[in-house]
Amino acid sequence: MPPALLLLFGAVAVLALLPVLFGMPGGAGRAAGSAPLGLGTLFLAFVKIGFLLYGSGYVLLAFLEADLVQRFHWLTQAQLLDAVVVGQVTPGPVFTTATFVGYVLSGWHGALVATVGIFLPAFAFVGLSIPLIDRLRQSPLAGAFLDGLNVASWALIAAISSHGRGRWAYGAVGPGQRRAAATLQS
Numbered sequence: 001m002p003p004a005l006l007l008l009f010g011a012v013a014v015l016a017l018l019p020v021l022f023g024m025p026g027g028a029g030r031a032a033g034s035a036p037l038g039l040g041t042l043f044l045a046f047v048k049i050g051f052l053l054y055g056s057g058y059v060l061l062a063f064l065e066a067d068l069v070q071r072f073h074w075l076t077q078a079q080l081l082d083a084v085v086v087g088q089v090t091p092g093p094v095f096t097t098a099t100f101v102g103y104v105l106s107g108w109h110g111a112l113v114a115t116v117g118i119f120l121p122a123f124a125f126v127g128l129s130i131p132l133i134d135r136l137r138q139s140p141l142a143g144a145f146l147d148g149l150n151v152a153s154w155a156l157i158a159a160i161s162s163h164g165r166g167r168w169a170y171g172a173v174g175p176g177q178r179r180a181a182a183t184l185q186s
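Residues 1 to 186 (my numbering) make up the sequence shown, in order.
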């Protein structure tokens with residue numbers, strides 16, 4: 001098995017164990033009056049969210065709240081906030097929240113189904129875009145543009161890394177972020 005795949009499976013396993021560490025048994029986290037929950041429904045809910053996400057992973061939070069709390073009533077607002085917190089304290093993208101939510105709703109199977117569901121659309125989009133990128137690379141203008149994007153991304157990484165122990169390394173907090181943190185704590 002490739003090392004990247006082993007790493008992904010290991011990360012899913014670690015994330016699925018976090019609810020146990022916090023004293024939340026898997027499969028028992030559904031809110032009262034919730035819609036029927038099957039693994040297929042859970043998978044489709046996360047595939048839909050994965051297809052609709054574009055840009056920042058924080059858009060995920062609005063979709064999770066709309067579907068899992070308001071529409072299906074599978075989670076309470078407090079449970080969703082707990083899932084977001086767990087997604088924030090773990091390494092990797094915000095999407096790891098899906099693994100935690102899946103585990104809380106349906107145990108190990110739910111964690112796996114939610115994780116595959118949220119990431120599958122991105123893998124499909126990348127796979128489908130490979131022929132398009134190859135065709136774009138054949139164009140001198142588009143190829144130069146893509147090369148420029150690569151150089152710009154490396155320059156941004158270098159610029160942020162050069163700040164070392166400056167404000168980028170420790171995540172300077174602005175007034176809006178302080179208000180959001182105070183709201184979450186209350």
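Cβ coordinates follow ideal geometry from the N, Cα and C atoms, glycine included. Owing to the predicted nature of the structure, the values given are computational and were not obtained by experimental measurement.
Nearest C-alpha to valine 126 among Thr41, Phe51, Val94: Phe51. Around the CB of tyrosine 103, 16 or more other CB atoms lie within 10 Å, so the residue is classed as buried.
Pairing leucine 146 with arginine 137 gives a Cβ-Cβ distance under 8 Å.
Sequence-distant Cβ neighbours of valine 94 in its own chain, meaning closer than 7 Å and more than five residues away, are Gly57, Tyr58, Leu60, Gly87. Taking the Cα positions, proline 121 is about 22 Å away from leucine 80. Note on geometry: alpha-carbon atoms of threonine 76 and leucine 156 lie some 39 Å from one another. Residues of the same chain with a CB within less than 7 Å of the CB of glutamate 65, apart from the 5 flanking positions on each side, are Leu80 in chain order. Phe72 is the residue among Arg135, Phe72, Ala62 whose C-alpha sits nearest the C-alpha of leucine 42.
In this chain, the alpha helix (DSSP H) harbouring phenylalanine 63 covers 59 to 64. With contacts defined as CB atoms closer than 8 Å, threonine 97 and alanine 78 fail to qualify as a contacting pair.
With respect to the C-alpha of valine 101, the residue from Ser161, Pro140, Ile160, Leu68 having the closest C-alpha is Leu68.
Within the same chain, no Cβ atom closer than 6 Å to the Cβ of valine 151 is found once the five residues on either side in sequence are excluded. Taking a contact as a CB-CB distance under 8 Å, the pair tryptophan 74 and leucine 132 does not count as one, their CB atoms being some 37 Å apart. The three-state reading of DSSP puts glycine 110 in helix, counting H, G and I together. Around the Cβ of isoleucine 160, a 10 Å sphere holds fewer than 16 other Cβ atoms; the residue is exposed. Straight across, the Cα-Cα distance linking leucine 53 with tryptophan 154 is about 25 Å.
Under the three-state reduction of DSSP, valine 116 is assigned to helix.
Annotation for threonine 41: the continuous alpha helix (DSSP H) segment containing it runs 39 to 52.
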